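Peer 1:
Number of protein chains: 2
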Amino acid sequence: MTTTDPSSTTPPPDRRPGGRTARTRAKVLDAVIAQLGEHGFDGLTTDTVAARAGVHRTTVYRRWGDVGGLLADVLDAAGDDDWIPPDTGSLEGDLCGLNEEIQTALTAQPPVMMALIASSFRSEPAADAQQRLWEDRYTRCGIIIDRAVKRGELPPGTNARQLLVTATAPVYHQLVLLRTPVDPELPSRAARTAALAASAGAFTEG
Amino acid sequence: MTTTDPSSTTPPPDRRPGGRTARTRAKVLDAVIAQLGEHGFDGLTTDTVAARAGVHRTTVYRRWGDVGGLLADVLDAAGDDDWIPPDTGSLEGDLCGLNEEIQTALTAQPPVMMALIASSFRSEPAADAQQRLWEDRYTRCGIIIDRAVKRGELPPGTNARQLLVTATAPVYHQLVLLRTPVDPELPSRAARTAALAASAGAFTEG
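Residue numbers (UniProt numbering), protein chains in the order written: chain A, 1 to 206; chain B, 1 to 206.
1) Using only the alpha-carbon positions, how far apart do residue 132 of chain A and residue 73 of chain A sit?
2) Would you mind working out which of A:179, A:163, A:168 sits nearest residue 192 of chain B, comparing C-alpha positions?
3) Strictly by DSSP, which residues pair up with residue 204 of chain A?
4) Strictly below 7 Å CB to CB, what residues from chain B border residue 148 of chain A?
5) From residue 29 of chain A to residue 63 of chain B, what distance separates their C-alpha atoms?
6) Tell me, please, whether the CB atom of residue 29 of chain B is closer than 8 Å to any CB atom in chain A?
7) Relative to the C-alpha of residue 37 of chain B, which residue among B:188, B:87, B:107, B:21 is closest?
8) Any chance you could list the alpha helix (DSSP H) runs of at least 4 consecutive residues sitting entirely within the stretch 45-110 of chain B, in chain order?
9) Consider the Cβ of residue 162 of chain A: report whether some Cβ of chain B lies at a distance smaller than 8 Å.
10) Please identify the residue among A:102, A:190, A:181 whose C-alpha is closest to the C-alpha of residue 92 of chain A.
11) CB-CB under 7 Å to residue 194 of chain A, same chain, minus the five flanking residues each way: which ones, in chain order?
12) Could you name the residues of the same chain whose beta carbon sits closer than 8 Å to that of residue 172 of chain A, not counting the 5 residues immediately before and after it, in chain order?
13) Please report the residue range of the alpha helix (DSSP H) in which residue 284 of chain B lies.
14) When the Cα of residue 185 of chain B is compared with those of A:186, A:203, A:183, which residue comes out closest?
15) Check for me: the alpha helix (DSSP H) holding residue 132 of chain B runs from which residue to which?
16) Please report whether the beta-carbon of residue 12 of chain A lies at a distance below 8 Å from any beta-carbon of chain B.
17) With a CB to CB cut of under 8 Å and the five nearest residues on each side skipped, what residues in its chain are close to residue 52 of chain B?
18) Against chain B, with Cβ distances strictly below 8 Å, would residue 193 of chain A count as a contact?
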């Protein structure tokens with residue numbers, strides 16, 4: 001936001017990366033995640049977050065507005081990382097690794113990801129941020145399909161997003177909606193099924 | 001609950017099928033569905049439902065307890081029907097018809113099914129009833145796989161539930177979680193993909 005003169009001896013400006021604002025944000029977002037994991041959406045208020053983070057409630061109110069703003073920032077911050085998809089040397093291996101990561105996140109304790117998904121049914125800003133995060137992840141995973149095409153495992157013109165949604169949807173469906181007990185075989189089975197269909201040309205146009 | 005003497009001239013007992021209790025239940029559940037479709041979970045209280053149904057609030061309170069009880073009964077009533085899955089003559093056609101039904105329900109206005117799914121993140125009884133309903137539907141759809149095995153479209157021993165979850169999961173994932181715009185090709189594409197993988201043996205053990 002502001003630029004600094006490196007020769008200056010004044011304290012770091014408020015919005016310098018890694019400065020006080022960034023530290024406050026980190027404390028507040030950590031507090032949101034902890035509160036959400038322990039008490040769910042219903043236990044989340046700007047006051048409880050402020051108290052947990054040890055910051056003034058007016059700071060939270062002015063910067064994030066309300067719970068929806070806090071949740072959206074948690075999700076946007078989650079997407080602001082250097083995550084890259086698994087690179088195992090095969091399409092099925094990459095998809096299986098991806099599904100394992102999803103299953104691990106969806107079954108983690110405390111259930112932060114499940115609580116964030118549940119929150120997306122309560123708050124439009126959270127829903128929008130959740131969708132941005134998912135779309136960003138699917139976009140980054142496009143490299144899995146690029147590599148598979150280069151290796152000759154997939155026909156050129158394979159629709160990456162359709163293949164990735166097909167590979168991952170059963171994991172989300174079973175754990176988020178059907179809420180069946182964890183099936184350790186599910187990530188690999190869903191990966192194998194999608195890879196099989198994709199190599200048969202299920203995701204190429206025409 | 002009670003049995004009746006057909007020669008009796010007394011008024012129908014309260015719990016006779018189609019009697020006063022059944023009519024009250026129908027009015028109350030219709031009111032829950034209408035209220036939920038228009039105002040979502042947050043607009044749902046036993047009082048608003050009672051007023052909308054034109055019944056005493058104590059009737060609603062005594063019979064259903066709370067909003068969770070009302071939602072669970074709506075979902076249980078939805079499963080108490082004679083629904084049968086599509087029978088088109090082919091595995092892919094049956095799965096496509098099933099996905100078309102799901103997509104239609106998930107995009108209906110007012111958005112009753114979406115509101116019921118959202119409610120399952122707020123109420124344990126609603127979540128339990130929603131899962132019972134889905135499991136019942138998947139069980140009924142087993143006949144799709146039985147017919148396909150008999151026609152020689154699928155290997156014997158194909159796991160019906162795994163195939164059905166794979167076929168339907170992308171429709172739920174796109175519409176309920178990713179909330180992408182409706183894709184008219186999605187039901188048939190997901191059906192084709194699952195059928196392709198299934199005929200290649202993706203859902204047989206070993």
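Even glycine gets a Cβ: it sits at the ideal position worked out from N, Cα and C. All values derive from a computational prediction rather than experimental measurement.
Peer 2: A quick look at the data gives this:
1) 11 Å
2) With distances taken between Cα atoms, residue 192 of chain B lies closest to A:163.
3) In the DSSP output, where bridge partners are listed per residue, residue 204 of chain A has A:158.
4) Within chain B, no residue comes near residue 148 of chain A; the closest Cβ sits about 16 Å away, beyond 7 Å.
5) 43 Å
6) Look at residue 29 of chain B: its C-beta is not under 8 Å from any C-beta on chain A.
7) B:107
8) As far as the stretch 45-110 of chain B is concerned, its whole alpha helix (DSSP H) runs of at least 4 residues are 46-53, 57-64, 67-79, 91-106.
9) yes
10) A:190
11) 95, 163, 166, 167, listed in sequence order.
12) 102, 106
13) The question about residue 284 of chain B has no answer, for chain B in this structure spans 1 to 206.
14) A:203
15) Taken as a continuous stretch (DSSP letters only), the alpha helix (DSSP H) holding residue 132 of chain B covers 124-140.
16) For residue 12 of chain A, the pLDDT reaches just 47, beneath the cut-off of 50, and the residue's location in the model is therefore unreliable, leaving the point undetermined.
17) 31, 34, 35
18) yes
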